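Here's the structure, in structure tokens; my notes come after.
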Amino acid sequence: MDQALNFESHRHQRRRANLTRGLVYYAGVGLLAVVMLYPVAWLVASSLKPLDEIWTNVTSLIPSALRFENYAEGWQGFGGISFQIFFGNSFVHAGVGTLFTVISSAVVAYGFARVKFRGRDLWFSIMLMTLMLPSQILMIPQYIIFNELGWINTFLPLLIPRLGGDVFFIFMIIQFIRGIPIELDEAAMIDGCSKGGIFFRIILPQITPALVTAAIFSFYWTWEDFLGPLVYLQNPNMYTVALALRAYTDLGSVNNWGAVFAMLTLSLVPVILIFVFFQRYLVEGIATTGLKG
Amino acid sequence: MSEPAAVLTGANQTQEEALRRAPTNSRSRDFKRNNLVGYLFVSPWLIGFFLFGFIPIAISLYLAFTNYHLLRGGEWVGLANFERMFTSDIRYGRAVVATFRYVLLAVPLRLIFALAVALLLNTKRRGVYWFRAAYYIPSVIGGSVAVAVMWRQLFGGDGRVNEGVINTLLGFMGIERLNWFGNPDTAIWTLVLLAVWQFGSPMLIFLAGLRQIPSEFYEAASIDGASGWQKLMNVTLPLLTPIIFFNFIMQIISGFRVFTQAFVITAGNPLDSTLFYALYLYRRAFNDFQMGYASAMAWVLLLIIAFFTLLNFRLSRLWVFYETKEG
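Protein chains in written order, with numbering that gives the first Met the number 0: chain B, 0 to 292; chain D, 0 to 326.
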């Protein structure tokens, strides 16, 4: 009986130790989460604060009153151009760009993964080598070429090169296609399916998850892209949201910080929404291919 | 990889069959058609590569040896651009120093954070999924201008009389407020901290690597009486070295190319202490239109990145542990 009691208290002790360790763990990771998310929460809170409170009660995350006019005032934009134009431009840039990138990448990936043709391995290695190339090398001659073509101040320099696909995504989709049993292709071939038919009927439905991952990354990289629009779009009517925000927030010229924080917040909404709805695809995409975030 | 397969099917056929014309023809036609179909499928990339890759590379290489100016044109100057870079352009030297400082600070700190947090999240405790998502959010939005502006205001306040969040918090703690953007020693730290805040993607890659370590290894270590620390040092970290290496290479490459954050947050100031390579190159090319000189800078950047990548591959033999090799 004595021993049983001892045993009981020992187990009790261990359970208490586990509980303490759990508490310490959650306190630690919770604190880190607060630090990580505080800047974002601060941005959102500042976008809703009354104007006189933004800098006077700067660390607070809870506005004393919600001032939604910040959004209405910010939306009016600058120089007579409203943010409706900038968001429209960004949706065209990111939407069409993503469409081009994903479709081309899927087609090219299928060619490399499933069609045997002369020189395939050589082209494949050349393609992978282009990953190493800093964009700075291509940027200047591309600008000169597009300038000669009269494409400056249009979306063409930002969209047309996308028709070639993106090597990161091509590589990711190739890996995905390699996981599909080749017997499916062979069965379709015996049934008289051409390579094109196999792509559309067999492969395309199977690689949808990879395409969704590629589309998500492509959309939010394009949405956040700054250097491309900065180089090619000089007319404020063509500005994407990223360019507009930079012009809108140039230090010294800002008077209405509420409106600025409102537009900063709004520009993050599409990205955050995609993250919330497609988190699984994002996480898996990074884990399996090592894509940068 | 492709052609041997076609040859093999040929070899399998009997001589009699090989003598008959028709199958041979159809086979070769089939092979040709595969060539055509293959090139058709990869043609988007192939055409894109020639127009927007190969031709620009050739032009860029040529420009690097000219004094081409977007408006004035230019002529062949041999190695003058490189001479100018390494001997007379003081700002180029500052840009190189600033970039190296940034890479040396940001890359190790970001990776150490990513690894530490990944180890912390590599448990079966409840709710880990949500913490992982929370830590990853800064990386999702981190490349944007919006976050760059937010960061600038966190450190700089409204840029006039009002302090930002960071200085206010320092004030609460009784620490002297800093003029973050006015001092070369602190300005670069705002950018380093922004990079560290975005440890999400390397963290996810570390987590994926941690999940792949077979649990038998830990069981065996437990039987041998290993403590948690010993397991970390002798099982986890050695098996994770290939992933650490991969992350290290990728982060160094992207560190050398950092642009948007420096452009928006510090604009290279003060005293060129954050004038990163890509930023200086951009200014030379698109503000001064010195596109020949900027092209030469781009090729030197490629050489720098290539040198460090190769160096890392060399050094990796000393510390990266590949399971398959050791048996």
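Using N, Cα and C, we set each Cβ at its ideal position, and we do this for glycine too. Just so you know, these numbers come straight off a predicted model, no measurement behind them.
Can you tell me the Cα-Cα spacing of residue i and residue j, whole angstroms?
i                : j                : result
Thr58 (chain B)  : Phe198 (chain B) : 55 Å
Val55 (chain B)  : Phe99 (chain D)  : According to the sequence shown, residue 55 (chain B) is Thr rather than Val. When rounded, the distance between both Cα atoms is 38 Å.
Arg90 (chain D)  : Thr122 (chain D) : 49 Å
Gln83 (chain B)  : Val43 (chain B)  : 20 Å
Val268 (chain B) : Arg20 (chain B)  : 37 Å
Ala261 (chain B) : Ile215 (chain B) : 24 Å
Ile273 (chain B) : Gly47 (chain D)  : 29 Å
Ile169 (chain B) : Ala105 (chain B) : 7 Å
Ala94 (chain D)  : Arg15 (chain B)  : 56 Å
Ala113 (chain D) : Leu236 (chain D) : 13 Å
Leu193 (chain D) : Met149 (chain D) : 11 Å
Val39 (chain B)  : Ser226 (chain D) : 39 Å
Ser87 (chain D)  : Tyr292 (chain D) : 13 Å
Gly96 (chain B)  : Phe51 (chain D)  : 16 Å
Val76 (chain D)  : Ala295 (chain D) : 12 Å
Tyr37 (chain B)  : Ile61 (chain B)  : 12 Å
Arg13 (chain B)  : Gly73 (chain B)  : 57 Å
His9 (chain B)   : Val23 (chain B)  : 21 Å
Gln229 (chain D) : Leu209 (chain D) : 16 Å
Gly224 (chain D) : Asn17 (chain B)  : 20 Å
Ser124 (chain B) : Met171 (chain B) : 15 Å
Leu118 (chain D) : Leu206 (chain D) : 7 Å
Ala79 (chain D)  : Phe64 (chain D)  : 7 Å
Tyr217 (chain D) : Tyr321 (chain D) : 18 Å
Ser214 (chain D) : Leu210 (chain B) : 33 Å
Asn311 (chain D) : Gly73 (chain D)  : 38 Å
DSSP beta-bridge partners for residue i?
i               : result
His68 (chain D) : D:Gly72
Phe77 (chain B) : B:Ile80
Which same chain residues end up closer than 8 Å to residue i when comparing Cβ atoms and leaving out the 5 residues on each side of it in sequence?
i                : result
Gln141 (chain B) : Pro156, Pro160
His68 (chain D)  : Phe288, Gln289, Met290, Gly291
Phe138 (chain B) : For the sequence presented, residue 138 (chain B) should be read as Met rather than Phe. Taken in chain order, the residues that qualify are Leu226, Val230.
Val166 (chain B) : Met126, Leu127, Thr129, Leu130
Leu45 (chain D)  : Tyr38
In terms of alpha-carbon separation, which member of the options lies closest to residue i?
i                : options                                : result
Ile204 (chain D) : B:Leu281, B:Gly195, B:Trp256           : B:Leu281
Val116 (chain D) : D:Tyr101, D:Trp129, D:Leu314, D:Tyr134 : D:Tyr134
Asn234 (chain B) : B:Phe154, B:Arg10, B:Val23             : B:Phe154
Pro208 (chain B) : B:Ile179, B:Glu72, B:Gly79             : B:Ile179
Leu301 (chain D) : B:Met131, B:Val101, B:Lys115           : B:Met131
Pro269 (chain D) : D:Phe198, D:Ala186, D:Arg159           : D:Ala186
Asp184 (chain D) : D:Ala97, D:Leu39, D:Glu74              : D:Ala97
Ile255 (chain B) : B:His11, B:Ser46, B:Ala26, B:Leu18     : Before going on, a small fix: residue 255 (chain B) reads as Asn here, not Ile. Ranking the options by Cα distance to Asn255 (chain B), first place goes to B:Ser46.
Ala284 (chain D) : B:Ala71, B:Gln278, B:Ile143, B:Val101  : B:Ile143
Ser138 (chain D) : D:Phe198, D:Asp223, D:Arg159, D:Arg83  : D:Phe198
Leu31 (chain B)  : D:Pro55, D:Ala297, D:Arg131, D:Arg71   : D:Arg131
Val299 (chain D) : B:Asp184, B:Gln135, B:Thr239, B:Asn152 : B:Gln135
Leu153 (chain D) : D:Asn34, D:Ile174, D:Asn178, D:Leu317  : D:Asn178
Phe81 (chain D)  : D:Gln211, D:Ala297, D:Arg159           : D:Ala297
Leu120 (chain D) : B:Thr248, B:Lys115, B:Val28            : B:Val28
Asp120 (chain B) : D:Tyr38, D:Phe258, D:Phe216            : D:Tyr38
Leu232 (chain B) : B:Glu52, B:Ile53, B:Asn146             : B:Asn146
Ile252 (chain D) : D:Val102, D:Tyr128, D:Ser42            : D:Val102
Spatial neighbours of residue i within its chain, please: CB distance less than 7 Å, with the 5 preceding and 5 following residues excluded, ordered by chain position.
i                : result
Arg176 (chain D) : Glu162, Asn166, Leu169, Gly170
Gln250 (chain D) : Val106, Arg109, Leu110, Pro201
Ala112 (chain B) : Ile173, Ile176, Arg177
Arg125 (chain D) : none
Ala261 (chain D) : Leu190, Gly267, Thr273, Phe275, Leu278
Val319 (chain D) : Thr240, Pro241, Phe244
Val253 (chain B) : Val259
Ile264 (chain D) : Ala147, Trp150, Arg151, Thr189, Leu190
Ser89 (chain B)  : Trp222, Thr239, Val240
Asp184 (chain B) : Arg113, Ile197, Ile201
Apart from the five residues on each side of it in sequence, which residues of its chain come closer than 6 Å, Cβ to Cβ, to residue i?
i                : result
Leu162 (chain B) : Phe99, Ser103
Leu50 (chain B)  : Gly257
Ala93 (chain B)  : Phe218, Thr221, Trp222
Ala21 (chain D)  : Because Ala21 (chain D) carries a pLDDT of 42, less than 50, the predicted location of this residue cannot be relied on, and the following value inherits that uncertainty. Excluding positions up to five away in sequence, the list is empty.
Trp150 (chain B) : Pro156
Item to check | Residues from the region 164 to 180 of chain D in contact with chain B, defined by Cβ distance under 7 Å | outcome: Residues are counted here when their Cβ sits less than 7 Å from a Cβ of chain B; for the region 164 to 180 of chain D these are Val164, Thr167, Leu168, given in chain order.
With 8 Å as the limit, tell me which residues of the region 90 to 116 of chain D have their beta carbon closer than that to any beta carbon of chain B; keep them in chain order.
Val116
Determine which residues of the region 150 to 178 of chain B have a Cβ less than 7 Å from any Cβ of chain D, and write them out in chain order. Within the region 150 to 178 of chain B, the qualifying residues are Pro160, Leu162, Gly163, Gly164, Ile169.
>> Against chain B, which members of the region 293 to 321 of chain D pass a CB distance test of less than 9 Å?
In response: Ala293, Ser294, Met296, Ala297, Trp298, Leu300, Leu301, Ile304, Ala305, Thr308
Checklist entry - If contact means a Cβ-Cβ distance below 7 Å, which residues of the region 274 to 286 of chain D contact chain B? => result Ala277, Leu280, Ala284, Phe285
Inset, instruction - Taking only beta carbons into account, state which residues of the region 222 to 239 of chain B come closer than 7 Å to chain D, listed in chain order. - result: Glu223, Phe225, Leu226, Val230
Scan the region 226 to 258 of chain D for residues whose Cβ lies nearer than 7 Å to a Cβ of chain B and list them as they occur along the chain. So the close ones are Phe245, Met249, Ser253, Arg256, Phe258.
For the region 34 to 45 of chain D, which residues have a beta carbon sitting closer than 9 Å to at least one beta carbon of chain B?
Asn34, Leu35, Val36, Gly37, Tyr38, Leu39, Phe40, Val41, Ser42, Pro43, Trp44, Leu45
Chain D contacts made by the region 92 to 122 of chain B, where a contact means CB separation under 7 Å = Ser103, Val106, Val107, Tyr109, Gly110, Phe111, Val114, Lys115, Phe116, Arg117, Arg119, Asp120, Trp122
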